[in-house]
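In this note's numbering, the protein residues as written are 8 to 155.
The block underneath contains the structure these notes are about, expressed in structure tokens.
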């Protein structure tokens with residue numbers, strides 16, 4: 008894991024009222040460094056909500072849009088897989104699923120890339136529970152959550 012969920016001082020993330028003033032921005036998932044083109048699999052069964060790019064995520068001129076996949080596992084649980092690409096130098100998005108698809112746990116959904124605001128290829132994995140980002144580390148082997 009190259010970056011954990013939690014409060015940080017980097018202004019590239021949204022401010023959060025749950026974070027202290029010294030670390031006011033929330034990194035809303037975990038970053039898992041991986042080689043470009045590494046397969047990404049669904050964490051659990053569900054329905055694909057989004058498999059596309061996020062044009063509103065472009066925060067400065069020249070930045071490539073973030074490519075991602077959102078999967079609803081229940082009415083209250085959604086997993087988000089960010090920075091997907093096909094592993095080529097251009098890192099153009101390539102999904103193995105589309106919105107509306109039903110996926111099984113462990114099904115191939117995309118590939119690691121470096122779309123959006125990145126310093127290198129990785130998977131940004133987030134979890135929404137009842138519409139709020141939660142520390143996904145508690146669901147990962149050996150994972151523990153901390154404020155920052």
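We put the CB at the ideal spot given by N, CA and C, even for glycine.
Please read these numbers as outputs of a predicted model, since none were measured by experiment.
At the level of alpha carbons, what is the spacing between residue i and residue j?
| i | j | result |
| --- | --- | --- |
| residue 133 | residue 148 | 15 Å |
| residue 122 | residue 37 | 16 Å |
| residue 72 | residue 39 | 19 Å |
| residue 54 | residue 144 | 22 Å |
| residue 48 | residue 113 | 5 Å |
| residue 155 | residue 44 | Because residue 155 sits at a pLDDT of 49, beneath the cut-off of 50, its placement in the model cannot be relied upon, and the following sentence gives the value as read from the coordinates. Their backbone Cα atoms lie some 30 Å apart in a straight line. |
| residue 142 | residue 131 | 13 Å |
| residue 61 | residue 139 | 19 Å |
| residue 11 | residue 25 | 16 Å |
| residue 126 | residue 81 | 33 Å |
| residue 27 | residue 102 | 37 Å |
Taking only beta-carbon atoms, is residue i less than 8 Å away from chain C?
| i | result |
| --- | --- |
| residue 119 | As a matter of chain content, chain C is missing from the structure shown, which is built from one protein chain. |
Can you check which of these residues, the options, is closest to residue i by C-alpha distance?
| i | options | result |
| --- | --- | --- |
| residue 115 | 144, 50, 25 and 42 | 50 |
| residue 146 | 86, 103 and 118 | 86 |
| residue 124 | 104, 24, 11 and 74 | 74 |
| residue 135 | 35, 103, 27 and 60 | 35 |
| residue 104 | 61, 139, 77 and 138 | 77 |
| residue 137 | 84, 126 and 24 | 84 |
Between residue i and residue j, how many whole angstroms is the CB-CB distance? I'm expecting something under 8 Å.
| i | j | result |
| --- | --- | --- |
| residue 119 | residue 42 | 7 Å |
| residue 111 | residue 52 | 5 Å |
| residue 56 | residue 79 | 5 Å |
Buried or exposed, going by whether 16 or more other CB atoms sit within 10 Å of the CB of residue i?
| i | result |
| --- | --- |
| residue 46 | exposed |
| residue 58 | buried |
| residue 106 | exposed |
| residue 109 | exposed |
| residue 89 | buried |
| residue 128 | buried |
Checklist entry - Taking the runs of the beta strand (DSSP E) that are 3 residues or longer, which of them lie wholly in the region 36–90? => result As far as the region 36–90 is concerned, its whole beta strand (DSSP E) runs of at least 3 residues are 37–40, 46–48, 53–61, 73–79 and 84–89.
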